[in-house]
Amino acid sequence: MTIETITPQGTVEGSKQALVNDLKRVVGDAEDLLNNVAGATADEFTLARSKLEARLEQAKSRLLDARTAVSDGARCTVDATDRYVRENPWTVLGIAAAAGIVIGAIVSRR
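Residue 62 in the numbering used here sits at position 62 of the sequence shown; the count goes up by one each step and never skips.
Spelled out as structure tokens, the structure:
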């Protein structure tokens with residue numbers, strides 16, 4: 001029996017850690033199933049298979065949660081960047097020009 005740690009849901013790091021834990025459990029259950037399949041009865045095999053399927057479903061669910069959290073974070077970043085560029089076009093243009101000059105100077109030295 002494993003002890004599960006509770007991680008905060010909705011955060012990228014929390015989703016990532018929960019997904020890693022779920023995947024470790026799935027791999028462990030798969031290894032147990034493979035090790036015990038030779039001497040297992042049909043009922044034991046069915047029980048182990050259903051347990052493995054349940055773990056896979058949990059892992060899929062956590063993967064979807066992580067994907068959603070990353071997608072939401074990226075969307076917020078894109079929206080904030082777009083808003084800043086629309087509100088400060090000349091500042092952004094100046095920063096882009098300065099970055100271009102610096103990169104050009106670095107590349108030309110090589």
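Here a beta-carbon is modelled for each residue, glycine too, at the ideal position from N, C-alpha and C.
In this structure, Arg55 places its C-beta atom within 9 Å of the C-beta atom of Val26. For Thr68, the uninterrupted alpha helix (DSSP H) segment begins and ends at 42-87.
Annotated as proximal: Val85 and Val92, with beta-carbon spacing under 9 Å. Three or more Cβ pairs closer than 8 Å define a contact, and the stretch 17-32 meets that threshold against the stretch 59-79. Burial state of Asp22 is buried, judged by a 10 Å Cβ sphere holding 16 or more other Cβ atoms.
Counting only residues of its own chain and dropping the five nearest sequence neighbours on each side, Asn35 has no CB closer than 7 Å to any other CB. Distance from the CA atom of Ala30 to the CA atom of Asp79, rounded to whole angstroms, is 42 Å. Shown here, Val107 sits in a helix according to DSSP, grouped into three states.
In the structure shown, the three-state DSSP call for Val37 is coil.
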